[in-house]
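>
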Amino acid sequence: MKKYLSLLLAMGMAASLAACGSGADNGAAQGTGNDVAQSATESVAEDGSVAITGVEDGVLTVGMECAYAPYNWTQMDDSNGAVPISNVPGSYANGYDVMIAKKICEANGWELEIVSSAWDSLVPAVQSGTIDACIAGQSMTADRMAEVDMAGPYYYATIVCVTNKDSAYASATSIAELAGGKATAQSGTIWYDSCLSQIEGAELLPPAETAPAMLMSLETGTVDFICTDMPTAMGAQAKNDNLVILNFSGTDGDFRFASEEERAENVNIGISVKKGNTTLLDAMNAVLGTMTEDDFNSIMNDAIAVQPEI
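If you're matching positions, the sequence shown starts at 213 in the working numbering and goes up one per residue.
1) Could you round the C-beta distance between THR440 and MET426 to whole angstroms and report it? I think they count as a contact, below 8 Å.
2) Quick one: using the 10 Å Cβ neighbour count with 16 as the cut-off for buried, is ALA257 buried or exposed?
3) Leaving out five residues on either side along the sequence, give the residues of the same chain with a beta carbon under 7 Å from the beta carbon of ILE402.
4) Note down the Cα distance separating TYR280 from ASP494, rounded to an integer number of angstroms.
5) From which residue to which residue does the beta strand (DSSP E) around LYS394 run?
6) Kindly indicate which residue of GLY501, ASP436, ASP289 has the alpha-carbon position closest to the one of ALA384.
7) For MET276, report the span of its beta strand (DSSP E) as first-last.
8) Hey, could you find the ends of the alpha helix (DSSP H) PHE508 is sitting in?
9) Evaluate LYS486 with the Cβ neighbour count: other Cβ atoms within 10 Å of its Cβ, from every protein chain shown; 16 or more gives buried, anything less gives exposed.
10) Looking at TYR368: is its Cβ nearer than 8 Å to the Cβ of ILE312?
11) Would you kindly work out how many angstroms separate the C-alpha atoms of ALA382 and THR375, rounded to a whole number?
12) Using 10 angstroms around the beta-carbon of GLY393, count the other beta-carbons present and answer buried if the total reaches 16, otherwise exposed.
13) Pick out whichever of ASP309, ALA345, GLU473, MET362 has its Cα sitting closest to the Cα of MET512.
14) When you compare the CB positions of ASN489 and ASP361, do they come within less than 8 Å of one another, or not?
15) Since ILE326 and MET288 should fall inside the 8 Å C-beta cutoff, what is the C-beta to C-beta distance between them, to a whole number of angstroms?
16) Tell me the rounded alpha-carbon separation between SER303 and MET446.
17) Buried or exposed: ASP507, going by 16 or more other Cβ atoms within 10 Å of its Cβ?
18) Assign PRO418 to buried or exposed, taking buried as 16 or more other Cβ atoms, counted over all protein chains shown, within 10 Å of its Cβ.
19) Among ASP466, ASP344, GLU473, MET357, which has the Cα closest to the Cα of CYS373?
20) Assuming SER429 is part of the alpha helix (DSSP H), what are its boundary residues?
21) Beta-carbon separation of ILE483 and GLY364 under 8 Å?
22) Residues in the same chain with beta-carbon distance under 7 Å from LEU500, minus the five sequence neighbours each way, listed in chain order, please.
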């Protein structure tokens, strides 16, 4: 309903501008008068203040998989501050992403609406305006930021591998020592597209559609190890003490990037908003800018502590 009303409002504004004709354009070009054309990402409230695009009705609609613990997950009650999933009646979303979304909404006086969406559908949903933002553990890569604008970072996620305690790779100290193993990661991620390919001799199986499917392939022995980020690995290990996290960060045996800037792109986690929606982007950054890395880690630990069984 919110999107429908927004569409009607946009149509009304378009009709109004068309009625002004070329005279309005000439006035703007000459800089005369007090009426300045608003950008496509802004509107003006009755009190003259600039309203934030997408939340004119006071509701921030956020998309996430609701299946990517500890960033986000689905549960069947509202325990531990979970929020209803608007398109899945009777289900609730919780996790780090939900906790961050709630902080942003509380700071701005907004209500929070959570929408469950498949990973590959999240960016298109932001681009189309179906959702206002995507808070779903997305890396702030150059490719992604060519499609959407991103607020943040709202987390810094080290890239790691995960294996089983009885695996021949459990004591690996570098990616070179993972050669010969079967591996996978979640589809549409740098873990699969950029990292696993750096392990010479590794046998790459098709990517998993979801994080739970990725973890299941490891736990069932379909693969010898997976590549993911530290929060996902920590969340999995908290529920399965047979898992071993292989963290090569800061060593010569770590995954390689062309530059530290490129590494930062891949470990910094951000919030996607529609290209040009600077009002919403700025509002989110204003909240995230008051938080430290320690704050982020503390909230992530809280999420891991209450996540359900995978």
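For each residue, glycine too, the CB sits at the ideal point set by N, CA and C.
Everything numeric in this text was worked out from a predicted model, so none of it was measured.
Straight from the coordinates:
1) Position 228 of the sequence shown holds residue 440. Position 214 of the sequence shown holds residue 426. Contact holds; Cβ gap of about 7 Å.
2) Here residue 257 refers to the residue found at position 45 of the sequence shown. The predicted model places ALA257 with a pLDDT of 46, which falls under 50 and marks its position as unreliable, so this point remains unresolved.
3) Sequence index remark: in the sequence shown, residue 402 carries index 190 (1-based). Only SER351, THR353, ASN478 meet the Cβ criterion.
4) Sequence index remark: in the sequence shown, residue 280 carries index 68 (1-based). Sequence index remark: in the sequence shown, residue 494 carries index 282 (1-based). Those two C-alpha atoms are separated by around 26 Å.
5) Locating residue 394 in the sequence shown gives position 182, counting from the first residue. First-last of the beta strand (DSSP E) with LYS394: 394-396.
6) Within the sequence shown, residue 384 is the residue found at index 172, counting from 1. Comparing Cα positions, the closest option is ASP436.
7) Within the sequence shown, the letter at position 64 stands for residue 276. From DSSP, the beta strand (DSSP E) with MET276 extends over 271-276.
8) On the sequence shown, position 296 is the one that residue 508 refers to. Where PHE508 is concerned, the enclosing alpha helix (DSSP H) stretches over 505-518.
9) For this step, residue 486 is matched to residue 274 along the sequence shown. Its Cβ being crowded by 16 or more others within 10 Å, LYS486 is buried.
10) Within the sequence shown, numbered from 1, the residue matching residue 368 stands at position 156. Within the sequence shown, numbered from 1, the residue matching residue 312 stands at position 100. It is not a contact, given that the beta carbons lie outside the stated cut-off.
11) Counted from its first residue, the sequence shown places residue 382 at position 170. Counted from its first residue, the sequence shown places residue 375 at position 163. Distance between the alpha carbons of ALA382 and THR375 is about 6 Å.
12) The residue given as residue 393 occupies position 181 in the sequence shown. Burial call: buried.
13) Position 300 of the sequence shown, counted from the first residue, corresponds to residue 512. A check of alpha carbon separations from MET512 across ASP309, ALA345, GLU473, MET362 identifies ASP309 as the nearest.
14) Your numbering for residue 489 matches position 277 in the sequence shown. Your numbering for residue 361 matches position 149 in the sequence shown. In contact: ASN489 and ASP361 (Cβ atoms closer than 8 Å).
15) Counting from one through the sequence shown, the residue named residue 326 turns up at place 114. Counting from one through the sequence shown, the residue named residue 288 turns up at place 76. Between ILE326 and MET288, the beta carbon gap of about 14 Å keeps them out of contact (Cβ cut-off 8 Å).
16) Working through the sequence shown from its first residue, we reach residue 303 at position 91. Working through the sequence shown from its first residue, we reach residue 446 at position 234. Near 25 Å, if we compare the C-alpha coordinates of MET446 and SER303.
17) In the sequence shown, residue 507 corresponds to position 295, counting from 1. Exposed.
18) As a position in the sequence shown, residue 418 is number 206, starting the count at 1. The residue is exposed, with fewer than 16 neighbouring Cβ atoms inside 10 Å.
19) Working through the sequence shown from its first residue, we reach residue 373 at position 161. Of the candidates ASP466, ASP344, GLU473, MET357, the residue whose Cα lies closest to the Cα of CYS373 is ASP466.
20) The residue given as residue 429 occupies position 217 in the sequence shown. If you look at SER429, you'll find it in the alpha helix (DSSP H) that goes 423-431.
21) For the purposes of this step, residue 483 is taken as residue 271 along the sequence shown, with counting starting at 1. For the purposes of this step, residue 364 is taken as residue 152 along the sequence shown, with counting starting at 1. Yes. Within cutoff.
22) Working through the sequence shown from its first residue, we reach residue 500 at position 288. Annotation for LEU500: ALA363, GLY364, TYR366 place their beta carbon closer than 7 Å to its own, counting only its chain and skipping 5 residues before and after.
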